[in-house]
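Everything on this sheet refers to the single structure shown next.
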Amino acid sequence: MELLQVKGELESIGCRIKTSCQVKSISSIDGAGYRVLEKDGSEETYDSVILGVHAPNALKVLGIEATHHERRILGACQYVHRDIYLHCDQNLMPRNTSAWSAWNFLGTTSRGFSVTYWLNQIQKVESVRPFLVTLNPPCVPDHVLLKWNASLPVPSVAAAKAYLQLDQIQGKRGIWFCGVYNGHGFHEDGLKSGKAAAQGLLGKKCDVLLNPKKMSPSWTEAGARLLVTRFFNQYISIGNLILVEEGGSVFSFGKACDKCCVKSVIQVHDPLFYWKVAIEGGMGLAEAYIDGCYSVLDKREGLLNLILILIANRDERRNRRIARKGF
1 MELLQVKGEL ESIGCRIKTS CQVKSISSID GAGYRVLEKD GSEETYDSVI
51 LGVHAPNALK VLGIEATHHE RRILGACQYV HRDIYLHCDQ NLMPRNTSAW
101 SAWNFLGTTS RGFSVTYWLN QIQKVESVRP FLVTLNPPCV PDHVLLKWNA
151 SLPVPSVAAA KAYLQLDQIQ GKRGIWFCGV YNGHGFHEDG LKSGKAAAQG
201 LLGKKCDVLL NPKKMSPSWT EAGARLLVTR FFNQYISIGN LILVEEGGSV
251 FSFGKACDKC CVKSVIQVHD PLFYWKVAIE GGMGLAEAYI DGCYSVLDKR
301 EGLLNLILIL IANRDERRNR RIARKGF
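Be aware that the sequence shown starts at 1, since it is given in the numbering used here, and climbs by one per residue.
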């Protein structure tokens, strides 16, 4: 559905979109872009090409025109074919239902392991019946709803090294490469690499965080974080303050409303931020900003919005106290 919406929006501004066409080969035209040959024999010409497919498929459509470096880098990405089942068989889940999670790994020393996704939790499926997707099951599940086969990249040292060398071929001759092999094989890797390829084609820089490090506060800093987040949770009721830690942890406080419609996103770079705020309050918040313990996402109005949120909640709490005294 989202794909159709995007397609419709692009076509409404004059873009020509062609889908469901099996590409047979891509060949260069002397100084004039690329010729895309489809399986039905029809041809299209383009100035540049983004290959959002598995690495072996990219090499296949490029054929003999693939360069040495393209064959070396993309050829390092190996794939394995897996049977995937959509089913309702709880035997492929942990016996203790309280141990069920979005991703579940089951295995033995003799029969390998399998991975089962719990769709009810991942996609918020409101049903008593569990809907499960299992990759590489030790046996065919009961209550199978659908079966298909997919190629999945195999993580390896060679593939990791090849990914780090992708810049050597990315966009060098008007061809960009993206896919889940640009990372660890997850959908997020495909999205990230697709965005980077699109930005590259447009001549824009896209800084990709290769190895995000999760913040690891000391026990005193962890205690300060608990105090500060509890305080913000109780203090901020209007306006929206969001704390985003290095590594991805997110805390959200309050909600934008008519009384305070602004939002401020704080990026916490150092757990010392919590310690300073817990010990010194407002002065600690200012000192932590000066020391670089945090920054604001919106460079123009983020800091102002933070101050407005704090002032609005101070006044809101004061008005509540006055109202209570009036009764």
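Think of the CB as a built atom: it goes at the ideal place given N, C-alpha and C, for glycine as much as any other residue.
- If only uninterrupted beta strand (DSSP E) runs of at least 3 residues are considered, those enclosed by the segment 44 to 97 are 49 to 51 and 79 to 87.
- If the five residues before and after residue 17 are omitted, its C-beta is found closer than 7 Å to the C-beta atoms of 7, 10 and 11, all from its own chain and listed in chain order.
- Considered as a whole, the segment 179 to 235 harbours 187 to 201 and 219 to 235 as its complete alpha helix (DSSP H) runs of no fewer than 4 residues, in chain order.
- Residue 135 and residue 163 have their alpha carbons spaced roughly 25 Å apart.
- Secondary structure at residue 107: strand, using DSSP grouped into helix, strand and coil.
- The alpha-carbon separation between residue 275 and residue 25 amounts to approximately 59 Å.
- The Cβ atoms of residue 19 and residue 33 do not sit closer than 7 Å to each other.
- A straight line joining the alpha-carbon of residue 199 with that of residue 244 spans about 25 Å.
- Each residue's CA atom was taken as its position, placing residue 76 and residue 49 some 22 Å apart.
- Counting only runs of at least 4 residues, the segment 252 to 291 fully encloses the following alpha helix (DSSP H) elements, listed from N- to C-terminal order: 272 to 290.
- For residue 162, the uninterrupted alpha helix (DSSP H) run begins and ends at 157 to 164, by DSSP.
- For residue 35, DSSP records a beta bridge to 27 and 45.
- Rounded to whole angstroms, the Cβ separation of residue 272 and residue 254 is 24 Å, and the two are not in contact under 8 Å.
- Three or more beta-carbon pairs drawn from the segment 49 to 59 and the segment 179 to 194 are found closer than 8 Å, and the two stretches are therefore classed as touching.
- Taking a C-beta distance under 7 Å as the contact criterion, residue 168 and residue 68 do not qualify as a contact pair.
- Taking 7 Å as the cut-off, the beta carbon of residue 286 is found no closer than this to the beta carbon of residue 294.
- The shortest C-alpha to C-alpha distance from residue 221 to any of 234, 268 and 236 is the one to 268.
- Bounds of any alpha helix (DSSP H) do not take in residue 18, whose DSSP letter is neither H nor E.
- Between residue 101 and residue 137, the CB-CB gap reaches or exceeds 7 Å.
- Residue 125 sits away from residue 132, with the two beta carbons spaced by 7 Å or more.
- In the DSSP assignment, residue 119 falls within the unbroken alpha helix (DSSP H) covering 119 to 122.
- Around residue 27, the same chain offers 34, 35, 37, 63 and 65 as residues with beta carbons nearer than 8 Å, after the five sequence neighbours per side are excluded.
- Per DSSP, residue 295 lies in no alpha helix (DSSP H); the unbroken beta strand (DSSP E) holding it starts and ends at 294 to 296.
- Within the model, the alpha-carbon separation for residue 236 versus residue 257 is close to 12 Å.
- Non-local C-beta neighbours of residue 183 in its own chain, meaning closer than 6 Å and more than five positions away in sequence, comprise 189, ordered along the chain.
- Residue environment analysis places residue 193 among the buried positions, since at least 16 neighbouring C-beta atoms fall within 10 angstroms of its C-beta.
- Its chain contains 217, 271 and 274 as the residues whose beta carbon lies nearer than 7 Å to that of residue 225, once the 5 sequence neighbours on both sides are disregarded; these appear in chain order.
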